[in-house]
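Chemist: Going by full-length UniProt numbering, the first residue of the sequence shown is number 1, and it counts up by one from there.
Note that CB positions come from ideal geometry on N, CA and C, so glycine has one too.
All values derive from a computational prediction rather than experimental measurement.
Would you mind keeping the following structure in view while I ask a few things?
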Amino acid sequence: MRELDYNFVHNSFKLNGFHLTKNDLCRIAYSFIKEGQPFESAVGDFILDWFDSKPYIAMQTSGTTGLPKTIEVDKQAMVNSAIATGDFFDLSAGIKALHCLPTAYVAGKMMLVRAFILGWELELVAPTTTPLPRGNEKYDFAAMVPMQAEASIDKLYRIKKLILGGAKVNQALAEQLVTIPSKIYETYGMTETITHIAAKEIGESAFTVLPNVAISQDDRQCLVINPYKLCTEPVVTNDIVDIIGDNQFIWLGRYDNVINSGGVKLFPEQIEEKLSGNLDRRYFVKGVPDEQLGEKLVLVVEGEPYDIDKKIFSDLDKFEKPKAVLFIEKFAETASGKAMRTASMATA
């Protein structure tokens, strides 16, 4: 892997059509902070943090590997992550990339770092649900969350390579994405690993890890990540996986969500994927205490109660079919809008 200092700005780098040096970026950062929209102000804050004298960036974790907390991420490790992404997805200098993620989070920060280091022509837009600008502008690369991709489904052909992260790509969305003549990938990663460490093309079952990433399992069958040059210690996750060979794994579900019902281990995320497209509200499945089974599987739906057609369960195996349906007026959410299962159940 090439070694580049985090102060390096590639001479091919452009932001919104303009060639910018490190000094230019710092001047624009002040302008973004003073006069820009909120998303631009966040970009300005990051640029000043990136080029200051500290060798690290402070980031808030999402809670994937434990309780949310502030961590210090080494800038050089972020540079190494950017290079690994460029190598894995074959993204060279001069490509046109769309930046449509909030820079407050690691994925948005890393889009800027990749552009600085790899020499991209970056177009910065507001991180809205439908971020693709009007017109027919084409892009070589972009990163989105699944909600943005779903809302922009008829425009995604304008992006040659698209990576999706921040949430699982459900089956209903995946079935739409495979019809698009673009390379679209689901990624796996977290703040602690400086965004993604693995990716799979939509339609594939196994994730392939990026360069310089080693994987193993602990005694719970959960994924352990050793991303050399990205962090100093292995990252132990709560994600149960099947490991294939040295560099691939299939994600099964979260260890803390697994339901043991009558001795049968059920993965809620897999059941929810089978139900995707059958409900027009947010939902999740969860285990609740049961005298006979130990835990029984229930479907939890957001909003007012209504009659659910049992046909929606026809694709589920015998033990995957919910024993009951519960309704909760409003799910508890994380700061990024993800439904919190246990906290939501406390309001049921």
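Hey, which unbroken runs of the beta strand (DSSP E) at 3 residues or more fall wholly within the region 106-164?
Modeler: Those beta strand (DSSP E) runs which fall completely within the region 106-164 and span 3+ residues are 121-124, 139-144 and 159-164.
Chemist: With 16 as the cutoff for other CB atoms within 10 Å, does P322 come out buried or exposed?
Modeler: Buried, since its Cβ has 16 or more Cβ neighbours within 10 Å.
Chemist: Under the DSSP definition of a beta bridge, which residues are partnered with W251?
Modeler: Looking at the DSSP assignment, W251 forms a beta bridge with V241.
Chemist: If we count Cβ pairs, one from each stretch, closer than 8 Å, do we get three or more for the region 157-175 versus the region 35-55?
Modeler: Segments in contact, no.
Chemist: From F319 to I259, what distance separates their C-alpha atoms?
Modeler: Cα to Cα, F319 sits roughly 11 Å from I259.
Chemist: Rounded to whole angstroms, how far is the Cβ of F39 from the Cβ of P102, which I believe are closer than 8 Å?
Modeler: The Cβ separation is near 7 Å, so the contact holds.
Chemist: For P227, list the residues DSSP reports as bridge partners.
Modeler: Note: P227 sits in a beta bridge opposite V213.
Chemist: If you compare alpha carbons, which of G337, R281, I308 and K168 is closest to Q270?
Modeler: If we check each option's Cα against that of Q270, K168 comes out closest.
Chemist: Excluding sequence positions up to five away, which residues of its chain have a Cβ less than 7 Å from the Cβ of I243?
Modeler: Closer than 7 Å at Cβ, skipping near neighbours: I215, Q217 and F249.
Chemist: What is the DSSP secondary structure of L15, reduced to helix, strand or coil?
Modeler: L15 falls in the strand class under three-state DSSP.
Chemist: Of the choices F89, P146 and I312, whose alpha-carbon is the least far from that of D140?
Modeler: Among F89, P146 and I312, the Cα nearest to that of D140 belongs to F89.
Chemist: Are the CB atoms of L164 and T187 within a distance shorter than 8 Å?
Modeler: Yes, the Cβ-Cβ distance between T187 and L164 is below 8 Å.
Chemist: Could you check whether P305 and K286 sit closer than 8 Å to each other, using their CB atoms as the reference points?
Modeler: Their beta carbons are not under 8 Å apart, which means K286 does not touch P305 by this criterion.
Chemist: When DSSP builds the beta bridges, which residues end up paired with S261?
Modeler: S261 is bridged to V264.
Chemist: Would you say L293 and S261 are within 8 Å of each other, going by their C-beta atoms?
Modeler: Closer than 8 Å, so yes.
Chemist: Given a threshold of 16 other Cβ atoms within 10 Å of its Cβ, counted over all protein chains shown, does T342 qualify as buried or as exposed?
Modeler: Exposed, since its Cβ has fewer than 16 Cβ neighbours within 10 Å.
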